[in-house]
Amino acid sequence: MKAVCWRGAKDVRVENVPDPKILNPRDAIVKITSTAICGSDLHLYDGFIPSMMSGDIMGHEFMGEIVELGSGVKNLSIGDRVVVPFTISCGNCYSCKTAQWSLCDNSNPNAFMAEALYGYSAAGLFGYSHIFGGYAGGQAEYARVPFADVGLYKVPEGLTDDQVLFLTDIFPTGYMAAENCNIKPGDTVAIWGCGPVGQFAIRSAFLLGAERVIAIDRFPDRLKMAKEQAGATEVINYEEVDAGEALKEMTGGRGPDSCIDAVGMEAHGTGPDYLYDQVKQAVRLETDRPTALRQVMVACGKGGTVSIPGVYGGFLDKMPFGAAFNKGLTMKMGQTHVHKYLDPLMRHIQNGDIDPSFVITHRISIDEAPQAYETFKHKKDNCIKVVIKL
Amino acid sequence: METESDKTNQSQSQGDATVSDTERWASIVGGSAMVLMGLKQRSLRGILTAIAGGSLAYHGATTDKSLQEKVTDATGINKAIKVEKTVTINRSAEDLYNYWHNFENLPTFMKHVKSVQVLDLRRSHWVANAPMGQTIEWNADLINDQPNQLIAWASEEGAEVDNSGFVRFQPAPGDRGTEVKVVMEYNVPGGMLTATIAKLFGEEPEQQIGDELRRFKQLMETGEIATTEGQSRGQ
Numbered sequence: 001m002k003a004v005c006w007r008g009a010k011d012v013r014v015e016n017v018p019d020p021k022i023l024n025p026r027d028a029i030v031k032i033t034s035t036a037i038c039g040s041d042l043h044l045y046d047g048f049i050p051s052m053m054s055g056d057i058m059g060h061e062f063m064g065e066i067v068e069l070g071s072g073v074k075n076l077s078i079g080d081r082v083v084v085p086f087t088i089s090c091g092n093c094y095s096c097k098t099a100q101w102s103l104c105d106n107s108n109p110n111a112f113m114a115e116a117l118y119g120y121s122a123a124g125l126f127g128y129s130h131i132f133g134g135y136a137g138g139q140a141e142y143a144r145v146p147f148a149d150v151g152l153y154k155v156p157e158g159l160t161d162d163q164v165l166f167l168t169d170i171f172p173t174g175y176m177a178a179e180n181c182n183i184k185p186g187d188t189v190a191i192w193g194c195g196p197v198g199q200f201a202i203r204s205a206f207l208l209g210a211e212r213v214i215a216i217d218r219f220p221d222r223l224k225m226a227k228e229q230a231g232a233t234e235v236i237n238y239e240e241v242d243a244g245e246a247l248k249e250m251t252g253g254r255g256p257d258s259c260i261d262a263v264g265m266e267a268h269g270t271g272p273d274y275l276y277d278q279v280k281q282a283v284r285l286e287t288d289r290p291t292a293l294r295q296v297m298v299a300c301g302k303g304g305t306v307s308i309p310g311v312y313g314g315f316l317d318k319m320p321f322g323a324a325f326n327k328g329l330t331m332k333m334g335q336t337h338v339h340k341y342l343d344p345l346m347r348h349i350q351n352g353d354i355d356p357s358f359v360i361t362h363r364i365s366i367d368e369a370p371q372a373y374e375t376f377k378h379k380k381d382n383c384i385k386v387v388i389k390l
Numbered sequence: 001m002e003t004e005s006d007k008t009n010q011s012q013s014q015g016d017a018t019v020s021d022t023e024r025w026a027s028i029v030g031g032s033a034m035v036l037m038g039l040k041q042r043s044l045r046g047i048l049t050a051i052a053g054g055s056l057a058y059h060g061a062t063t064d065k066s067l068q069e070k071v072t073d074a075t076g077i078n079k080a081i082k083v084e085k086t087v088t089i090n091r092s093a094e095d096l097y098n099y100w101h102n103f104e105n106l107p108t109f110m111k112h113v114k115s116v117q118v119l120d121l122r123r124s125h126w127v128a129n130a131p132m133g134q135t136i137e138w139n140a141d142l143i144n145d146q147p148n149q150l151i152a153w154a155s156e157e158g159a160e161v162d163n164s165g166f167v168r169f170q171p172a173p174g175d176r177g178t179e180v181k182v183v184m185e186y187n188v189p190g191g192m193l194t195a196t197i198a199k200l201f202g203e204e205p206e207q208q209i210g211d212e213l214r215r216f217k218q219l220m221e222t223g224e225i226a227t228t229e230g231q232s233r234g235q
């Protein structure tokens, strides 16, 4: 089959690789029909994430049709059309049983790597380096899905791929970010970053009852999408004004009730000692990246909530922790518990509350993927979201 | 370095070990503290034997050392490798004990163990993979067996790799399942290099036992062991 393989920093190639096989009883093989490039794939592309190996298959936002099932999967059938959560969850451990799906105890075969850096390992992820399990990703014609009986989610009749594809990651991620804000009537939510996760956070904040949503970015096309399609009440271009000052003036001097960092910092951590220096190097290279989180912590109003869907992996320098402490902020973060949101968000899509396809700017064939990584990385051609059609 | 408490223990345990010693060891093995902190310099095998009602004066349970032991300690040849690892599994102690107690199940999640053959109620024969396609074999004795709570074993006299240990099953608080603790000790009496043992039992014994417990957890909770071996990738 064809697959997008990582060959090194800024080097992904479409290659012919062996088709996936069932390896465990609860596995399924999915023939992929749509698969997206995520902003977090750019961290891999840029080579900021250690524990990638040459030949790893990229991609964690994919859907398609079941073509093969392991002997242990009883609740699905060949031919079912499904979306695939990017977090791999067993459904049996204490974390899964308490709906903390992205903290699954059992899905990372390389848990020892994560434990060395984080103390404990969270769930395995598709196509996201060996510290998170080293699972082959979904920018390919086929993918193997472990714990398919728990992970695969059947798509109801009458919905297109474009409408449901983002249930795999970015829509639940934006939604959980808003949910973590614990929005109350009258609340103002400020959102840093108008990439796809930020766009969904804007919509989700309204779905959860926000009075006002203020979106912050520097790219006019992204701010335009935030205002016109996601429905942000106001937008701020932080290259034109100081976002913190603007927010204070726009909120009667109170500041936002909650702030979402949908930007993140590229550097992922890793386990083995030999990778430690690479992590430090990555953090140094990315010193400007925690800028958003620093701003968020200072700009957030007293007693407010900071919600962090943006990915952080290692060590952050010069965080204004005093601001968080002295304003009594609550901070909530983590990988998305995708499985928890599939039912409610599918209902929102079916009810017509949201059509997630509004973020798509590019639809391409798999052969065009390497070029699309470049376009997306440099935000050329107003690129916000790329979907590979198979 | 010898601490005050070591000295106290030493004076208490001189001559024949007392009943209170055995109780103390039993409480360490059965307690919630880190077992290896309680063990310090003592032999796990001796303590397990004592708790099981064997000779209370079992040689290794006291700190009295033979001349040979003192020499090997000084030269660092006879270095016991002690490992302690704990994992919480979302199953009952009974289920976990029953699976483990069928020793022939163990190679399912212990990667370096090739096979275990149960010889009789007490004895089992173990075959483990060694480097360069070799295998190493030994017989183990079940020295303590408390249903749903504890299984302790020790290799028989003369085993190439002297090893002993226990696995303990304790209910976790608040419906979180069962805490499974493994404590093991390897001794290399025949002058076999520690490095060879390290290769045999994995590069890092701690990581190896930790990985085995993790696989046990995966198997008991999900019915399978998470893997990527054999998946697609660029050549």
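Residue numbers (UniProt numbering), protein chains in the order written: chain A, 1 to 390; chain B, 1 to 235. Every residue, glycine too, gets a C-beta built ideally from N, C-alpha and C.
Per-residue burial, residue i [other beta carbons within 10 Å of its own, 16 or more giving buried]
| i | result |
| --- | --- |
| Ser129/A | buried |
| Leu119/B | exposed |
| Gln134/B | exposed |
| residue 391/A | In the structure as shown, chain A starts at 1 and stops at 390, and residue 391/A therefore has no counterpart that could be examined. |
| His213/B | Checking the sequence, you will find Leu at residue 213/B rather than His. So Leu213/B ends up on the buried side. |
| Gly322/A | exposed |
| Asp211/B | buried |
| residue 247/B | Because chain B in this structure spans residues 1 to 235, residue 247/B falls outside the shown range and cannot be described. |
| Lys389/A | exposed |
| Pro156/A | exposed |
| residue 238/B | It is not possible to answer for residue 238/B, since the shown part of chain B is limited to 1 through 235. |
| Arg144/A | buried |
| Pro173/B | exposed |
| Ile49/A | buried |
| Lys82/B | buried |
| Pro344/A | exposed |
Spatially closest choice to residue i from the options, by CA coordinates
| i | options | result |
| --- | --- | --- |
| Met247/A | Ala230/A, Lys227/A, Arg212/A and Asp221/A | Note that residue 247/A is Leu in the sequence shown, not Met. Taking only the C-alpha atoms, the option nearest Leu247/A is Arg212/A. |
| Val182/B | Thr49/B, Asp95/B, Gly46/B and Ser164/B | Ser164/B |
| Val235/A | Gln295/A, Gly252/A, Asp217/A and Thr251/A | Asp217/A |
| Gly234/B | Val145/A, Ser71/A, Leu293/A and Met53/A | Met53/A |
| Lys2/A | Gly264/A, Asn24/A, Leu329/A and Tyr142/A | Tyr142/A |
| Ile29/A | Val12/A, Ile57/A, Glu61/A and Val82/A | Val82/A |
| Ile66/A | Glu157/A, Thr33/A and Tyr94/A | Thr33/A |
| Lys31/A | Gly91/A, Gly138/A and Glu368/A | Gly138/A |
| Gly314/A | His362/A, Val359/A and Ile131/A | Ile131/A |
| Pro146/A | Asp317/A, Ala262/A and Leu69/A | Leu69/A |
| Val113/B | Arg122/B, Arg42/B, Ser232/B and Ile209/B | Ile209/B |
Assumed close pair residue i, residue j - CB separation to whole angstroms, cut-off 8 Å
| i | j | result |
| --- | --- | --- |
| Ala114/A | Ala122/A | 7 Å |
| Ile364/A | Val386/A | 6 Å |
| Ala177/A | Arg203/A | No, Ala177/A and Arg203/A are not in contact; Cβ-Cβ is about 11 Å, not under 8 Å. |
| Ile349/A | Leu159/A | 7 Å |
| Pro309/A | Ala201/A | 7 Å |
| Ile51/B | Ala26/B | 5 Å |
| Pro25/A | Ser71/A | 5 Å |
| Ile354/A | Ser307/A | Not confirmed; about 19 Å, so no contact. |
| Leu329/A | Thr305/A | 7 Å |
Test item: CB-CB of residue i and residue j under 8 Å
| i | j | result |
| --- | --- | --- |
| Pro109/A | Thr49/B | no |
| Thr86/B | Glu157/B | no |
| Ile214/A | Thr188/A | yes |
| Ala299/A | Gly244/A | yes |
| Asp80/A | Lys21/A | no |
| Lys74/A | Asp27/A | no |
| Lys379/A | Phe219/A | yes |
| Asn148/B | Glu94/B | yes |
| Glu221/B | Asn106/A | yes |
| Val4/A | Ala369/A | yes |
| Val29/B | Phe169/B | no |
| Ser43/B | Asp19/A | no |
Against chain E, which members of the region 210-233 of chain B pass a CB distance test of less than 8 Å?
Here the protein chains are A and B, and chain E is not one of them.
What residues in the region 37-63 of chain A have a beta carbon less than 9 Å from any beta carbon of chain B?
Met53, Ser54, Gly55, Asp56 and Ile57
Got a sec: which bits of the region 82-93 of chain A sit with their beta carbon under 7 Å from any beta carbon on chain B, in order along the chain?
Cys90, Asn92 and Cys93
Residues of the region 124-140 of chain A whose Cβ lies closer than 8 Å to any Cβ of chain B, in chain order
Gly124, Gly133, Gly134, Tyr135, Ala136 and Ala140
Give, in chain order, every residue of the region 160-181 of chain B whose Cβ lies closer than 7 Å to some Cβ of chain A.
Arg176 and Gly177
Residues in the region 10-34 of chain A with C-beta within 7 Å of chain B's C-beta atoms, listed in sequence order?
Glu15, Val17, Pro18, Asp19, Pro20, Lys21, Leu23, Asn24, Pro25 and Arg26
Positions along the region 293-318 of chain A whose CB lies within less than 8 Å of some CB in chain B
none
What residues from the region 135-154 of chain B come within 7 Å of chain A, judged by C-beta to C-beta, listed N to C?
none
For the region 80-113 of chain B, which residues have a CB atom closer than 8 Å to at least one CB atom of chain A, in sequence order?
Thr88 and Asn90
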